[in-house]
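For reference, the structure is listed below as structure tokens.
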Amino acid sequence: MNQKMRLGIIGGGLMGREAASAFARWFVLEDFPVQVELVAVCDLQDKLLEWFKNVPTVKLLTKDHNELLKSPEVDVVYVAVPHNLHEKLYLDVLNAGKDLLAEKPFGIDLNAARTIRDAAKKSGRFVRCSSEFPFLPGAQRVFQAAQAGQFGKLLEIRSCLWHASDLDPAKPINWKRQNKFCGEIGVMGDLGMHVAHIPFRLGWNPKRVYAQLQKIYTERPDGKGGMAACDTWDNAMLHTDVMVGGMEVPMRLEMKRLAPGEMNTWSIEFLGTDGGVRYSTKEPKTLWTFQRGKEQIWQRTDLGYQMLFPTITGGIFEAGFPDCFLQMWAAYAAERAGALGNRMGCVTPDEAVRSHELFAAALEAHTKKTVVGL
Ligand SMILES: NC(=O)c1ccc[n+]([C@@H]2O[C@H](COP(=O)([O-])OP(=O)(O)OC[C@H]3O[C@@H](n4cnc5c(N)ncnc54)[C@H](O)[C@@H]3O)[C@@H](O)[C@H]2O)c1
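In the numbering used here, each residue carries its 1-based index in the sequence shown increased by 3.
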């Protein structure tokens with residue numbers, strides 16, 4: 004450990020606390036070139052600021068993000084707030100001369116994403132966007148198989164993130180279910196970066212899209228005895244074409260809040276004439292690989308704890324959400340320190356903008372019931 008990365012968090016809710024837990028376990032990383040320290044936290048809620056008092060390295064707790072940004076002790080800021088605040092807060096971070104790990108979707112819409120990307124470029128600061136599932140061992144194996152090109156002629160690509168808790172009409176409303184906070188792109192803003200990261204990193208950029216968007220429950224309990232409008236898209240299926248090896252290949256991206264039985268199931272599948280690969284967090288230890296030989300064989304491999312950044316955790320143990328989130332942060336820190344090597348890095352601002360271009364085109368495709376070029 005030879006470099007220290009001092010962190011500030013703006014937004015200490017679900018993800019802000021998840022980040023704090025990743026920093027607190029940083030010492031599990033073996034021979035890692037960067038040390039981290041969480042030094043400052045900003046949130047509007049007293050009970051959350053109170054929670055962060057459990058973190059001994061935190062010196063500044065504030066409700067004013069400008070106070071956090073003024074601190075000379077903060078090098079990097081993680082911002083995990085509702086989408087309507089992304090643009091303003093990300094720009095404030097950059098203007099304060101800090102590096103940024105932005106939460107997805109990197110702005111509430113395409114215009115916001117472009118403004119943030121341009122400001123990031125101009126500032127020269129190190130900016131990446133969050134997407135952690137690709138750092139699971141199974142996801143990495145899928146990525147590596149695609150890089151090695153072991154599929155023959157690629158037949159189809161499928162990448163999905165499915166949730167189920169919204170099937171319950173009694174689930175109370177929150178900001179993620181209201182366009183003014185979540186954005187017109189709805190579930191695509193919530194889950195889309197997670198399904199786009201690996202295909203985009205492989206250079207599989209959609210040429211055109213047809214989209215099926217669904218709103219199922221249009222109101223939900225407001226938590227105060229009444230009902231509130233729930234106006235976001237719940238489910239999105241994006242049918243796209245990408246160029247791979249000079250051929251056009253169908254790529255389907257699925258983002259669903261109403262997927263029966265699926266509790267945060269992230270999955271990815273590439274199928275070709277000679278080989279294929281399939282991984283789902285539903286079976287977190289299992290990698291499926293297809294081989295066409297004399298016989299056609301789907302082979303199941305039990306995965307252990309083979310992480311991109313080695314840790315002290317035993318090689319036969321299982322990896323889960325907090326593990327890939329820590330690995331994502333390790334990728335951020337390593338890339339920032341120039342030590343990423345040939346490993347996969349976090350989503351870049353250009354990739355985040357590309358995802359917004361796709362979601363904006365998907366909105367148009369759905370509205371006009373037509374295919375939209377990109
Ligand atoms: N990477 C992932 O897997 C993942 C998962 C869930 C959410 N997210 C993203 O993380 C972000 C936050 O989502 P969440 O689930 O943590 O939401 P959350 O509602 O749990 O937390 C948001 C927090 O921001 C605080 N906040 C609001 N305005 C603020 C301000 N002006 N200054 C400081 N704090 C402020 C709120 O008090 C709240 O505690 C969103 O962009 C969301 O899309 C990412």
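Each residue gets a CB set at the ideal place from its N, CA and C atoms; glycine is no exception.
DSSP places His166 outside both helix and strand once states are collapsed to three, so it counts as coil.
Spatial neighbours of Glu70 in its own chain (CB-CB distance under 8 angstroms, excluding positions within 5 residues in sequence) are listed in chain order as Cys45, Leu63.
Pairing Glu106 with Arg131, the inter-Cα distance amounts to about 9 angstroms. As a beta-bridge residue in DSSP terms, His242 pairs with Tyr213, Arg255. Between ligand 1 and Ile188, a heavy atom-to-CB distance of less than 8 angstroms is absent. Under DSSP, Ser270 forms a beta bridge with Cys163, Ser283. For the pair of segments examined, the region 91-108 was found not to touch the region 268-286: the number of CB pairs separated by less than 8 angstroms stays below three. A distance criterion of 8 angstroms places the beta-carbon of Lys179 in contact range of ligand 1, judged by its closest non-hydrogen atom. Contact between Ala214 and Ala368 holds: their C-beta atoms lie close to 4 angstroms from each other, under 8 angstroms. In terms of CA proximity to Leu52, Lys66 leads the group Lys66, Glu40, Val39, Pro59.
Our two residues, Val37 and Ala115, have alpha carbons roughly 31 angstroms apart in a direct line. Counted as a single uninterrupted DSSP element, the stretch harbouring Glu321 is not any beta strand (DSSP E), since DSSP gives it neither H nor E. Checking the 8 angstroms criterion, the Cβ of Ile13 is within range of a heavy atom belonging to ligand 1. Between the C-alpha atoms of Ala199 and Glu21 there is a straight-line separation of about 22 angstroms. For Val61, there is no enclosing beta strand (DSSP E), as DSSP gives it neither H nor E.
Short of 7 angstroms from the beta carbon of Arg211, and not among the five residues preceding or following it, lie these beta carbons of its own chain, in chain order: Thr243, Asp244, Val374, Val375, Gly376, Leu377.
Within the region 80-136, the beta strand (DSSP E) runs of at least 3 residues that lie entirely inside it are, in chain order, 102-105, 130-132. Annotated as proximal: Pro263 and Ala167, with beta-carbon spacing under 9 angstroms. Per DSSP, Thr370 is one residue of the alpha helix (DSSP H) stretching across 352-371.
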